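In this text, residue positions in the sequence shown follow my numbering: the first is 97, and each later residue adds one.
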Amino acid sequence: MEELHIDKSLDKATKYKSLLPQIEGLISTEKDTIANLANVAAVIYESFDFLWVGFYLEKNGELVLGPFQGPLACTRIQKGRGVCGKSWERNESIIVPDVDQFDDHIACSSLSKSEIVLPFSTPTFDTIIFDLDSEKIADFDQTDEEYLKKICQLLNQYCIE
Ligand code: SME
């Protein structure tokens, strides 16, 4: 397997653009969902200065912590609870510029100041939540949403087991 090539000084959109083909190359040769989620979390964590990058997986009617990079996190989230549970309930991405202003935000780390979550599915999981946290206020915007959605689409395409 080749190493990740990333110039950390690039602007956000250019960085995502250069990562997408590398992520596709990485996950297109592996069918296992957990293995691919683990590598995607590592790639994004290594490429940006985010606090936490990871996934929650729907199992038996609740979200359970999956592969991630960053500080330890809460293991189970109910539907409708926190940013992740709301994203699952509404089946839409949520950008939270200031977590202190979000009703019912679940604070896994007091260092987290802003957050983005995106829901998607794979053949083996009805819902997976892609969750990213930052120590900076308003660190996530439409650019992150656009490219992270593309990563979710790649995961949906290649994670068939
Ligand atoms: N803040 C999330 C919980 C998960 S952690 O950020 C890793 C939420 O409110 O759903």
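Glycine included, C-beta positions come from ideal geometry on N, C-alpha and C. None of the values given here were measured: they were computed from a predicted structure.
**OP:** From the DSSP output, in three-state form, read off Asp200 for me.
**Re:** Taking the sequence shown and counting its residues from 1, the one referred to as residue 200 is at position 104. DSSP places Asp200 in coil when its eight states are reduced to three.
**OP:** Examine the ligand SME and report whether any of its heavy atoms sits within less than 7 Å of the Cβ of His101.
**Re:** Counted from its first residue, the sequence shown places residue 101 at position 5. No, the ligand SME has no heavy atom inside 7 Å of this Cβ.
**OP:** Can you say whether Pro219 is buried or exposed, counting buried as having 16 or more other CB atoms within 10 angstroms of its CB?
**Re:** By 1-based counting over the sequence shown, the position of residue 219 is 123. Exposed, since its Cβ has fewer than 16 Cβ neighbours within 10 Å.
Original post:
In this structure, does DSSP put Gly150 in helix, strand or coil?
Top reply: The residue labelled residue 150 in the question sits at position 54 within the sequence shown. The answer is strand: DSSP assigns Gly150 an E or B state.
**OP:** Spatial neighbours of Thr239 within its chain, please: CB distance less than 6 Å, with the 5 preceding and 5 following residues excluded, ordered by chain position.
**Re:** As a position in the sequence shown, residue 239 is number 143, starting the count at 1. Excluding positions up to five away in sequence, the list reads Lys108 and Ala109.
**OP:** Please confirm whether any heavy atom of the ligand SME lies closer than 7 Å to the CB of Glu211.
**Re:** Here residue 211 is taken as the residue at index 115 of the sequence shown, counted from 1. At least one heavy atom of the ligand SME is nearer than 7 Å to the Cβ of Glu211, so yes.
**OP:** State whether the stretch 186-205 contacts the stretch 122-138, with contact taken as three or more CB pairs (one from each stretch) at a distance under 8 Å.
**Re:** no
Original post:
How about Val139 and Cys180: do their beta carbons lie closer than 8 Å?
Top reply: What you label residue 139 is simply residue 43 of the sequence shown in a count that begins at 1. What you label residue 180 is simply residue 84 of the sequence shown in a count that begins at 1. No; because the gap between Cβ atoms is not below 8 Å, this pair is not in contact.
Original post:
How long is the line joining the alpha carbons of Pro211 and Thr125, rounded to whole angstroms?
Top reply: On the sequence shown, position 115 is the one that residue 211 refers to. On the sequence shown, position 29 is the one that residue 125 refers to. Contrary to the premise, residue 211 reads as Glu rather than Pro in this sequence. C-alpha separation (whole angstroms): 30 Å.
Subject >> Where Pro193 falls: helix, strand or coil (DSSP) >> reply: Counted from its first residue, the sequence shown places residue 193 at position 97. Three-state result, Pro193: coil.
Subject >> Secondary structure of Arg186, DSSP reduced to three states >> reply: For the purposes of this step, residue 186 is taken as the residue at position 90 of the sequence shown. Arg186 falls in the helix class under three-state DSSP.
Original post:
Along the chain, where does the beta strand (DSSP E) that runs through Ser210 open and close?
Top reply: In the sequence shown, the residue the question calls residue 210 occupies position 114. Its beta strand (DSSP E) spans residues Ser210 to Phe216.
Original post:
With 16 other CB atoms within 10 Å as the buried threshold, where does Asp229 fall?
Top reply: Here residue 229 is taken as the residue at index 133 of the sequence shown, counted from 1. Asp229 is buried by the Cβ-count criterion.
**OP:** State the beta-bridge partners of Lys155 as determined by DSSP.
**Re:** As a working note, residue 155 is residue 59 in the sequence shown. Beta-bridge pairing links Lys155 to Glu158.
Subject >> Bounding residues of the alpha helix (DSSP H) (the contiguous stretch that carries Ile119) >> reply: Start at 1 with the first residue of the sequence shown, and residue 119 comes out as number 23. Here the alpha helix (DSSP H) through Ile119 covers Lys108 to Ile123.
Subject >> Closest Cα partner of Pro167 within the set Glu242, Glu154 and Ala203 >> reply: Position 71 of the sequence shown, counting from 1, holds the residue named residue 167. Minimum Cα distance to Pro167 is reached at Ala203.
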